[in-house]
Structures are given as structure tokens and as C-alpha cells.
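Working notes for the structure below.
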């Protein structure tokens, strides 16, 4: 029986009221991830509303849905979108052209912050892989057999990539005004403690998704 997700079969998915191309080279965007876009847009309308051309860094962009949704809904911002996969970036670039925002998004191949200079960016938004490695074999076959594991596997406890990212931010002495990340629903307490460990001066909180599960980590460094 073919359990390939319908989104791959038809080649597109709807996200934030926009249509995006998807291929097996990218993770299929989930509705919960729209909350990341909401949070970025709220910050751009609020704390950063007085800044001319604020810059958003979308780390691990995949199909580009976060970066492009933000660009479409806020014409004044600039965006840097990165991914470790060149194949994923190709899909993201096609989607940016589809929505006529390719002139405002810079696409960069990078493993976390290794090959990107983030100092000019005001907001960091990311949906890093967060599923614990041991849980991968037990995922539904439509996920584990078809979606790229590099976009799913978050290491032993599922939070390894976030730890690496937080350490890189500190090593670079980069102070983004806001860090927003999607987390596993079991990671609320872990995410909060790690955020407070790496950024003790920040206001850290975990927000619930529409199913009342802990889903969004917000680190405010204003």
C-alpha cells in the first residue's frame, strides 16, 4: 500500500493561505508552523515597526514557507533563508519566485550558523528538527518512509540542534532581538530551561499551539 503523503503526490501544499511547491526533498509544512509566522509578523508590527527594513533570519527554511509567508505579509522586511540541503533551497527559491518575493530573500546553504553572518539580522526564526532519534522508527510510515530524516531527527533527546544553535549564537556574540523556534510538544520544560541557561538575561516563554500543546519557544532579548 502506498502511504506517500498526498502533498508529495500532487506536488503542493497550502500554508498561511498560500500555495507552495513541495517535493520529497523538503519536509511537508504543518499547520502548527503557521504560529511561527504569526510571531514574526507580530514583532515586525510591534517592537521593530520603527526600524527601516528589518532583517529576519529563517534558519532551516526547507520549502521556504516561513520566509515567504513573512515576506508576502510584510513588504518592508528583508529575509535571509538558510538550509543545509541544496535541494531544499532549490524548492524554496522556486516558491519565492512563484510569490514574487525572490528579490527580498537571500538564500544561503549553511549548517546552522556555520556559513552565514547573522549580525545584521533582528529576528531569528527556525523550525529545526526536534524528534528524538529513537522515536523516528515509530513514526507513521507516511512520515518516516517519505519525509527527509535530516528534517526530522533532532538527536538523542530531540533538542540537540537547538543547543548547538544557542552555543553558536553566544560564540558569535550575536544578540538578535527575538528568537522564535518550534519545539516538540514534550519539550516545553526542557526548552525553557535550556533557553534560560544560554540566555539568562532574556525573557523566555513557551506558547501553546491550537491543540493546547507546548509548541513555540520565544526568547525575547529586547
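Residue numbers (the UniProt record's numbering): 1 to 222.
Where is the CB? At the ideal position from N, CA and C, for every residue including glycine.
Coil, strand or helix - residue 89 by DSSP: helix
Own chain, CB closer than 7 Å to residue 85, minus 5 neighbours either side, in chain order: 25 and 150
C-beta atoms of residue 191 and residue 161 nearer than 8 Å: For residue 191 and residue 161, no; Cβs fall outside 8 Å.
Start-to-end residues for the alpha helix (DSSP H) that takes in residue 34: Under the DSSP assignment, residue 34 falls in the alpha helix (DSSP H) whose first and last residues are 34-45.
C-beta atoms of residue 105 and residue 66 nearer than 8 Å: no
Pair within 8 Å by beta-carbon distance, residue 36 and residue 180: Cβ distance < 8 Å, so residue 36 and residue 180 count as in contact.
Inter-stretch contact (C-beta, 8 Å, three-pair minimum) for the segment 197-210 and the segment 15-29: no
Span of the alpha helix (DSSP H), counted from its first residue to its last, around residue 71: 65-73
Distance between residue 148 and residue 1 (C-alpha atoms, nearest Å): Confidence is the limiting factor: at residue 1 the pLDDT is only 46, short of 50, which leaves the residue's position unreliable, though a coordinate-based value still follows. Approximately 20 Å, taken between the alpha carbons.
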